[in-house]
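Single-structure report; data block below.
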Amino acid sequence: MARTVKVAVTGAAGQIGYAILPRLASGEVFGRDVRISLHLLEITPALKALEGVVMELDDCAFPLLDYIVITDQAEEAFDGINWGLLIGSKPRGPGMERGDLIRENGPIFVGQGQALARAAADVRVLVVGNPANTNGLIAMSHGHKAGIPRDRFHAMTRLDQNRAQAQLAQKAGVQVSAVTNMAIWGNHSATQYPDAENARIEGRPAPDVIGHHAWLREEFIQIVQQRGAAVIDARGLSSAASAANAALDHIVSVESATPEGDFFSAGVYADGSYGIDEGLMFSFPIRSDGQGGWEIVQGLELSDFARAKIKATEDELKEERTVIADLLG
Ligand code: NAX
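In my numbering, the protein residues as written are 52 to 380.
Given below as structure tokens:
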């Protein structure tokens, strides 16, 4: 066994936690020769439920699972971790506006950003808890202030990417693996812009393969933007298995070199690329070198239509940043 990876999962007793933990522990993400330790964080009232989840993990008898820590203390959970999956947050309650949710959950990510910086020297962080981009910005601002490089913090838009790829594959009648270069721009919200114009199907521009341009500009975008709500409508609960799956896909994409000519999507610190306001946590097309480095893909062509969509999602993120300005480090 060459190495052990320590992964913290917050909100570990929640739905996504339940879907992600067995898959992490199985070794499918980091490899069958890598041992894994799980550091699970929950709020105090959920620790009992978490104990039940740990019993189940024990009962899976995963050969690669080294040990499990459960705690309600962020610093203990983040001690020496390589990856932090920040999933835990409060759900939107009845009658709550998006702004209320941001104010409600923002402080969680202040404390966790600070705890990460105290407890983990060499960490990568994926923020899943909603509003993921803005929570990611908060966590990053505090982590960075205390020494963690900004590029270690990502917000999850991989589920949106996967949803978009699946929709294009179904429309084109091809396997989902034939759809590449799927950029999600902006916020993980209903303003996100899933970019079919730069997507490829079997190596060809997706609009040429699908042909139905009106569908790509209207229905396709709406389906992807509203997919989370559609799942809630049908299931009575928000996406969990697909969200867990997307988080694992994200880890694999960051840890391995991106195939030549392709990219994946993640919310990252905006550095001025494509004219996006610097200092937002904005989803861009990304390439990883597989050695821990990554870059925003430059030079993609954006039509006027695309630019207008990207502006709308940028405006929403600016607004969210205003709501939590006092929480930034
Ligand atoms: P659940 O409500 O099932 O679980 C959340 C868990 O977080 C609970 O067990 C709760 O006790 C815990 N928690 C709350 N505050 C905490 C804190 N301060 N520290 C540690 N744990 C805390 O939600 P679930 O369905 O698992 O979803 C988790 C989050 O992911 C939600 O914010 C949800 O909106 C978000 N999502 C984000 C997605 C994305 O693509 N970025 C997609 C799926 C999902 O909707």
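Glycine included, each C-beta is placed from N, C-alpha and C at the ideal position.
- Under DSSP, residue 90 takes part in a beta bridge, and its partners are 59 and 120.
- In this structure, the beta-carbon distance from residue 60 to residue 138 falls below 8 Å.
- When DSSP assignments are scanned along the segment 226–294, the uninterrupted stretches of alpha helix (DSSP H) that are 4 or more residues long and fall wholly within it turn out to be 257–261, 264–268 and 270–286.
- Residue 87 holds the alpha-carbon nearest to the alpha-carbon of residue 114 among 87, 94 and 318.
- Residue state for residue 331 is assigned as coil, using DSSP reduced to three classes.
- In this structure residue 133 touches residue 56 by the C-beta definition: roughly 5 Å separates them, less than 8 Å.
- DSSP, read as helix, strand or coil, puts residue 54 in strand.
- Fewer than three beta-carbon pairs drawn from the segment 193–205 and the segment 250–264 are found closer than 8 Å, and the two stretches are therefore not classed as touching.
- Remark: C-beta atoms of residue 220 and residue 234 do not approach each other more closely than 8 Å.
- If only uninterrupted alpha helix (DSSP H) runs of at least 4 residues are considered, those enclosed by the segment 96–172 are 98–111, 125–128 and 149–170.
- Taking all protein chains in view, the Cβ of residue 309 is crowded by 16 or more other Cβ atoms within 10 Å, so the residue is classified as buried.
- In the DSSP annotation of this structure, the continuous segment of the alpha helix (DSSP H) that includes residue 69 starts and ends at 66–77.
- Within a 10 Å sphere around the beta-carbon of residue 350 sit fewer than 16 other beta-carbons, which makes this residue exposed.
- Of the heavy atoms belonging to the ligand NAX, at least one sits nearer than 7 Å to the Cβ of residue 207.
- Remark: fewer than three beta-carbon pairs, one from each stretch, lie closer than 8 Å, so the segment 313–326 and the segment 273–292 are not flagged as touching.
- The shortest CA-to-CA distance from residue 175 to any of 200, 185 and 154 is the one to 200.
- Bounds of the beta strand (DSSP E) holding residue 346 are 345–347.
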